[in-house]
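In what follows, a single structure is set out as structure tokens and then discussed.
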Amino acid sequence: MWLTSKIKQVLMVIKPGVVTLNYPFEKRPVPENFRGAPYWDHEKCVGCGGCANHCPARTILVRDICQELRVMVYDGSRCTYCGRCADVCPENAITMTDRYELATDDRRDLNESMELFMLTCQRCGRCYDMENKNMIDRMDLQGYRYDNLEARAFIRKTTDSFDPEMLKKTAEYKRPSKIGE
Amino acid sequence: MNSLEQVLKTLNDKFGGSITGHETPLPTRLFVDIKAENVREISNEVVALGGRYLVGIGYDNIARDGNIGMIHSFGFDKDNFIVHLRTAVPESNPVMPSITPDIPGAGWSEREYQDLLGMKFEGHPKPKRLVVADDWPSDIYPMRKEVPYNLVPPGAEDVAYQLDECPEGCSIIPVGPFHTALHEPEHFAVYVDGETIKGCDYRGFMTHRGIEKLCESQVSYNEVPFIAERICGICGSVHATAYSQSVEMAGGIPVPERAKYIRSLLLEIERLHSHLLWLGVAGHLIGFDTVFMQSWRVREQIMWLSERITGNRKTYGMVIVGGVRRDITPEIGEDILNVCRKVEEEVKIIHKSITGDTALHKRTKGVGYLSKEEAINWSLVGPVARARGIDIDVRRDHPYAAYSDLQFDVPVVDTCDVWGTLVVRLLEIYESIRIIRQIIPKMPKGELLTELDAEIPPFKHGISVVEAPRGESVHFVITGEENRPDRWRVRAPTYPNLQAIPAMLLNDQFADFPIIVGSIDPCFSCTDRVEVVNITSGQNRIMSKSELEFISRGNK
Amino acid sequence: MDIVYIAVNIIVFLAFAPLFEGIVRKLTAKVQSRQGPPVIQPYYDIIKLLGKENFVVENWAFKLAPLMSFAAILSVICFVPLGYKSNFLTQYADVITIIYLLTMGGVSILLGALSSRNTFAMMGASREMVTMIMVEPVLAMTFFVGAVKVKSLGIDTTIFSVMNTGYSWSVVLMLVLYLMALQAFVGKQPFDIAEAEQEILEGPFIEYSGPNYALFKYSMMLKQMFYASLFVMVFVPFLYTGTYGLDVVIQLCEIALVYVLIALVGSTNPRLRIDQAVRYYAVLIVMALGAVGLSVYGI
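Chains as they are written, first to last, in the numbering used here: chain A, 13 to 193; chain B, 82 to 637; chain C, 11 to 309.
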């Protein structure tokens with residue numbers, strides 16, 4: 013009983029054998045639905061900004077440079093490869109490719125930016141509103157939002173405010189010195 | 082057998098004066114508003130009626146009515162409902178009686194809000210700092226709405242955490258913050274006498290990421306599931322599902338049937354993956370690397386399956402508020418059944434080869450003994466509780482997603498030790514495969530995602546419990562304005578289980594320390610909080626900071 | 011001529027000990043469905059460690075301990091009659107000397123561990139002490155089974171006693187007991203409680219780095235090879251051809267087989283706790299005494 017367990021443990025390996033792959037030279041095939049790095053097809057993109065609104069990592073930024081020029085920047089440094097951008101794109105311009113070997117020593121290699129010439133509406137001079145299935149996503153558009161391309165920042169109104177006086181007061185803070193304090 | 086109405090009636094009869102209102106948004110959820118002074122008596126009454134303490138939620142309501150709110154939740158497992166006691170204290174004098182002396186499981190929740198919201202709980206046996214760092218300024222309360230999420234106060238050098246007194250005659254062995262037996266940084270100060278453990282003190286929360294604060298101020302409703310998935314590397318889907326379910330309960334959002342089945346499928350796949358991972362880690366902790374390698378080899382098949390279904394090995398990203406994102410086609414269903422068959426065969430081989438192994442028995446039987454009464458006292462959850470004869474399982478007791486339509490057994494043993502947890506987890510693997518085999522043919526046709534016509538109403542409370550592989554995970558959400566939650570509270574299963582560790586460790590050998598800690602399958606990144614629980618023998622010996630460093634650094 | 015035998019002893023042991031260790035690691039990996047490191051990996055490890063910076067604790071015991079351990083095991087190797095040829099040092103020592111030198115090797119580990127004043131090292135040292143105390147008698151009994159028969163304590167007569175007097179019940183019993191204690195001698199699962207216990211404690215070597223650590227590792231490997239070769243010399247003497255070179259090669263092959271056994275047992279066992287191991291050793295000691303008793307009566 014004890015010995016048979018040991019023998020079984022050794023024999024357990026005979027069927028599968030050694031499973032290690034010699035990685036850079038032997039790779040596992042990538043399945044179909046795999047979510048690798050996203051790719052924008054600039055010919056299909058209409059500049060609606062849906063991907064930018066839905067990215068949970070705030071890594072897609074959109075900014076109008078001037079009346080007819082819209083810049084969309086994908087700053088891949090924070091992308092989590094969730095695929096929300098591909099889900100909501102109304103023109104199916106975004107595909108999640110199968111690239112996962114994205115390590116690089118220069119962050120700018122992961123950036124993609126598109127400059128789009130926008131058709132202006134005759135009445136208001138802006139592009140159209142996007143359609144979403146879900147009320148939650150429509151609610152996203154409320155609230156002020158400013159995408160700063162140089163600083164790669166997405167600034168959104170929050171409900172927090174802080175009192176700088178409070179921070180100054182805590183310059184002399186009390187350190188706990190006794191147990192139970 | 083209780084029913085919700087009976088509990089409400091009993092509370093009204095006994096404490097009519099303190100109860101200011103109640104609401105029943107669902108047949109299984111009861112919210113009772115009470116006055117703060119009587120919270121202790123009413124909580125004891127609820128426990129006496131058969132409730133089990135779940136979690137305490139504190140929230141900042143100052144902008145609306147100048148109060149800080151506190152909610153205690155109790156679950157009634159046999160009868161499938163949850164009772165909440167809602168109180169509030171004014172911000173100018175946030176003092177409330179503590180319920181910890183009678184219900185030890187509440188100790189951590191209350192200490193947390195002492196640090197984070199500035200409340201004071203009278204009568205708490207151990208009001209020490211829990212969550213915030215030791216050099217955090219003492220009058221900035223991070224969870225208050227006036228404090229931004231990215232505040233970084235000036236740090237201090239030379240402030241160490243204050244451990245409890247060491248019992249007489251014992252020496253301290255510091256395990257952590259970096260130790261090869263632990264996966265995340267936390268500090269166990271183990272008091273040993275020779276090789277026998279006489280006590281333990283714990284300080285953690287070193288990787289506290291402030292997720293709750295972040296999701297209240299920066300992120301919108303549908304982006305929170307992606308963050309929730311990353312609370313834990315192993316039970317990601319659980320947190321996303323629990324969050325979505327609590328928002329759906331709060332907002333009254335119906336979920337299509339097909340989406341519910343797909344959610345259950347993902348949860349069961351995650352359970353398979355997590356139990357195989359635990360088997361490997363347990364083997365590694367007792368020095369048995371062959372079990373480790375082989376069970377992880379089997380687990381790899383499940384990761385490849387997840388990659389084919391969802392596009393990613395672990396962070397599935399499939400669950401959002403209102404449903405799921407991708408469909409399970411019949412081909413994928415076939416694939417899943419094939420993989421389940423292979424995994425079942427291989428797990429049977431591993432199972433047969435380790436059940437007869439007496440060397441393994443020696444390391445796990447009788448180790449980490451904790452009796453059933455003590456386990457109930459500490460409100461343990463999950464396989465740790467089921468190994469001690471406590472028959473609780475959220476999938477059966479408070480059914481959610483598609484579990485009310487599925488047949489499965491809940492394995493319960495009563496060996497009260499680490500071997501019991503191993504047996505329970507192995508049996509749960511077989512049960513999960515059985516559940517998956519029922520889900521695939523039974524999946525109804527339909528939509529995947531609900532279309533919402535209106536905004537989610539603000540300031541509604543929702544709670545949802547989900548069975549993670551480690552136990553029960555509770556999420557509480559208060560919906561808010563501007564498309565984001567106003568308060569989100571996550572209680573992971575390791576939270577109550579960790580409190581029982583010193584009781585399990587007492588009088589065991591030091592060499593069993595990793596396997597005992599490993600038997601609760603700790604997920605410290607889920608836990609998000611550390612509580613120090615100590616069992617001293619009454620003798621005092623203060624260890625100064627310099628002595629502690631002397632021992633732990635080996636004198637340079 | 012005898013000096014050549016000593017030199018061959020030293021060179022063979024120094025050269026082959028890391029190779030056999032590599033075989034153990036490779037075989038363990040194959041049982042675990044992995045590829046494992048190359049078989050010559052321990053050589054690379056030792057060379058790498060020799061080039062690293064040497065952090066020391068400022069006392070003489072810490073710096074002395076690795077040297078003492080290495081010197082002890084090297085001295086034992088010089089006495090050993092590899093290839094069935096005893097060299098001239100063999101007559102100057104007897105089995106008690108070998109036991110003392112091995113104990114000195116163990117004591118040097120304790121010295122190094124305790125001088126570093128690290129809590130984990132102290133726990134590892136206490137376990138090492140217990141293991142040493144309990145396992146020493148089995149080694150001594152292995153020698154005495156032969157010594158009682160040939161009525162002498164000389165190294166060559168004792169070790170070749172089986173070759174000369176044949177197998178008897180006591181020898182067979184001793185063989186089984188030696189195999190059961192082999193894992194404890196070489197410090198592999200299920201008995202690697204003191205050394206290399208990376209999961210639970212870091213063991214007695216936690217404060218060592220660089221060349222000191224390389225010396226300790228090397229002495230561990232040499233000790234392992236010594237115990238395996240002792241088994242082969244004492245209990246498997248029937249492939250005796252008479253030619254020195256061929257004998258050495260045959261013995262090396264047999265040693266490799268013993269290592270295969272060590273690897274298989276090591277990879278299929280969890281690590282035991284020290285109190286459980288002590289109970290196991292106690293049983294072994296009692297049975298070893300029984301074997302010596304049988305040998306006294308000539309059985």
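Don't be surprised by glycine CBs; every beta carbon is placed ideally from N, CA and C.
In terms of Cβ geometry, C/Ala238 and C/Val196 form a close pair [threshold 9 angstroms]. The DSSP-derived three-state label of B/Ser154 is strand. Exclusion of the five residues before and after C/Gln45 leaves Ala39 as the residues of its chain whose Cβ lies within less than 8 angstroms of its Cβ. Annotated three-state conformation of B/Thr105 is strand, per DSSP.
Using a CB distance below 8 angstroms, the part of the region 25-43 of chain A facing chain C consists of Val25, Pro28, Gly29, Val30, Val31 and Thr32, ordered along the chain. Residue burial annotation: A/Thr16 is exposed, with fewer than 16 other C-beta atoms found within 10 angstroms of its C-beta.
The beta-carbon of B/Arg506 is placed no less than 9 angstroms from the nearest beta-carbon of chain C. Out of B/Ser84, B/Asp438, B/Ala573 and B/Leu529, the CA that lies nearest to the CA of B/Leu461 is found in B/Ala573. For B/Leu441, the C-beta contacts it makes with chain C under 8 angstroms involve Pro280, in order along the chain.
Per DSSP, the unbroken beta strand (DSSP E) holding B/Gly552 starts and ends at Gly552 to Thr560. B/Ser345 carries a helical assignment under DSSP once its states are collapsed to helix, strand and coil. Residue environment analysis places A/His54 among the exposed positions, since fewer than 16 neighbouring C-beta atoms fall within 10 angstroms of its C-beta. Taking 9 angstroms as the cut-off, the Cβ atoms of A/Thr92 and B/Gly398 count as close. Here B/Asp408 is exposed. Its C-beta has fewer than 16 other C-beta atoms within 10 Å. Put simply, the CB of B/Ala592 is near chain C, with a gap under 9 angstroms to one of its CB atoms. For B/Gly368, the chain C residues whose C-beta falls within less than 7 angstroms of its own C-beta are Gln199, Glu209, Pro280 and Arg281, listed in chain order. Here the alpha carbons of B/Ser99 and B/Asn119 stand approximately 7 angstroms from one another.
Identification of chain B residues near C/Arg44 by a Cβ-Cβ cut-off of 7 angstroms yields Met374, ordered along the chain. Residues of chain B with a Cβ closer than 9 angstroms to the Cβ of A/Ser17 are, in chain order, Lys433, Ser434, Ile435, Thr436, Gly437, Asp438, Thr439, Ala440 and Leu441. DSSP places B/Phe489 outside both helix and strand once states are collapsed to three, so it counts as coil.
Counting of Cβ neighbours within 10 angstroms places A/Asn104 among the exposed residues, the total staying below 16.
For the pair B/Glu381 and A/Tyr35, the Cα-to-Cα distance works out to about 16 angstroms. Taken residue by residue, none of the region 60-87 of chain A has a beta-carbon sitting less than 7 angstroms from a beta-carbon on chain C.
The three-state reading of DSSP puts A/Met108 in strand, counting E and B together. In the three-state scheme derived from DSSP, where H, G and I count as helix and E and B as strand, C/Tyr269 is classed as helix.
Listed along chain C are Met133, Ser136, Arg137, Arg283, Ile284 and Asp285, each with a C-beta nearer than 9 angstroms to that of B/Glu276. With a threshold of 16 other beta carbon atoms within 10 Å, C/Gln199 meets it and is buried.
Beta bridge pairing from DSSP links B/Pro255 with B/Ala270. Ranked by how close their Cα comes to the Cα of C/Ser305, the residues C/Asn279, C/Leu185 and C/Leu249 have C/Leu185 in first place. The region 148-176 of chain C contains, as complete alpha helix (DSSP H) runs of 4+ residues, the segments 165-169 and 171-175 (chain order). With fewer than 16 neighbouring CB atoms inside 10 Å of its own CB, C/Ile50 falls in the exposed class. Excluding sequence positions up to five before and after C/Ile16, its CB lies within less than 7 angstroms of the CB of Cys88, Asn97 and Leu99, all in the same chain and listed in chain order. In terms of Cα proximity to C/Ser85, the closest of C/Ile106, C/Ala75, C/Gly93 and C/Leu111 is C/Leu111. Contact check between the region 304-311 of chain B and the region 585-593 of chain B: fewer than three CB pairs, one atom from each, fall below 8 angstroms, which does not count as touching.
Counting every other CB atom within 10 Å of its CB across the protein chains shown gives A/Glu113 a total below 16, marking it as exposed.
In this structure, B/Leu353 is the residue among B/Ala581, B/Val233, B/Leu353 and B/Trp459 with its C-alpha nearest to the C-alpha of B/Val505.
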